[in-house]
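Position 76, counted from 1, in the sequence shown is what the working numbering calls 85; the numbers after and before it change by one each time, with no gaps.
Let me begin by presenting the structure, written as structure tokens, before commenting on it.
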Amino acid sequence: DQVRDAIRLKHYSYRTEQSYVGWIRRYILFHNKQHPKDMGGAEVEAFLTHLAVEGRVSASTQNQAFSALLFLYRHVLQLPLNERIDAIRAKSSRKLPTVLTPEEVRAVIQPMSGVHRLIVQLLYGSGLRLREAMQLRIKDLDFPQSQIVVRDAKGQESRLTMLPNSVQMPLKEHLQQVKRTHQQDLNLGYGAVTLPFALAHKYPNANRQWVWQFVFPASTRCKAF
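Structure below.
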């Protein structure tokens, strides 16, 4: 499949691959299975307008569909496609986030214990998303500066957030246990972690190094390779 090959050549994530392939398929079906090379800006505009008007998709979903079609024309078909498509734009969501009061937060955390309690405390104190917390690596924690480096899916620095003083001591104790377990795993031939493609290529042996280990590792072992 040309689309999948082009996506993998650029090392996009599997989730992006599935999303782009899905949108391209819907685009083709919307236009009665015409080949994309026989279509262009007008057909893209009609499809995106359909998503906004009949499909009632969000602005981010419509943008994702447009990104998929841009990729198709530019990187697969190698045909020009103007970015300034005059489609009806989907409305942006303006929902306000739900914010818990300090009392509600304490009520949530109080009955918890162990790693789960630590994760929730870190989420609340640092403003991390759950996925961001679960993807943290040892090297992302800066205790002297009380900072956390948040990285994107490719391992690049995305932003900085605070590392609350209230969780630093329990977090250090947690890391001591994680480090002991990691050393035991290495002794048994395990202890490797996955790395973003570019990092794995640049640092082929980094997957077993302590600084690249996850702060909250999985409970199953990964064979070193």
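Just so you know, even glycine gets a beta-carbon here, dropped at the ideal spot from N, CA and C.
Which partner residues does residue i have in the DSSP bridge list?
i    : result
Q156 : D151 and M171
R146 : F223
If you check the beta carbons only, do residue i and residue j fall under 7 Å apart?
i    : j    : result
Q71  : L60  : yes
L131 : V176 : yes
V85  : V12  : yes
L145 : V224 : yes
F56  : F80  : no
V62  : I97  : yes
T107 : G136 : no
N216 : L204 : yes
V158 : Y133 : no
S302 : D161 : Because the chain in this structure spans residues 10 to 234, residue 302 falls outside the shown range and cannot be described.
Note the first and the last residue of the continuous alpha helix (DSSP H) segment covering residue i.
i    : result
H125 : G123 to S135
R17  : Q11 to L18
V62  : G50 to V62
Y29  : Y23 to F39
A116 : P111 to I118
T70  : A68 to F80
Would you please state the rounded distance, in angstroms, between the beta carbons of residue i and residue j? I believe it to be under 8 Å.
i    : j    : result
D151 : L172 : 7 Å
Q222 : I147 : 5 Å
I16  : Y36  : Actually they are not in contact, since the Cβ atoms of I16 and Y36 sit about 16 Å apart, beyond 8 Å.
L90  : W32  : That belief does not hold up - the Cβ atoms of L90 and W32 are roughly 14 Å apart, past 8 Å.
Where does residue i land, buried or exposed, given buried means 16+ other C-beta within 10 angstroms?
i    : result
H191 : buried
A227 : exposed
G198 : exposed
L109 : exposed
M240 : Residue 240 falls outside the range modelled here, since the chain spans only 10 to 234, and no answer is possible.
F234 : Summary for F234: the model assigns pLDDT 48, below 50, so the residue's position carries little reliability; its value from the coordinates is reported in the next sentence. By the neighbour-count rule (16 or more Cβ atoms within 10 Å), F234 is not buried but exposed.
D14  : exposed
P45  : buried
L127 : buried
M235 : Since the first residue shown for the chain is 10 and the last is 234, residue 235 is missing from the structure and cannot be characterised.
V53  : buried
D149 : buried
Y82  : buried
R51  : Here the sequence assigns Ala to residue 51, which means Arg is not the residue at that position. With fewer than 16 other Cβ atoms within 10 Å, it is exposed.
A74  : buried
E141 : buried
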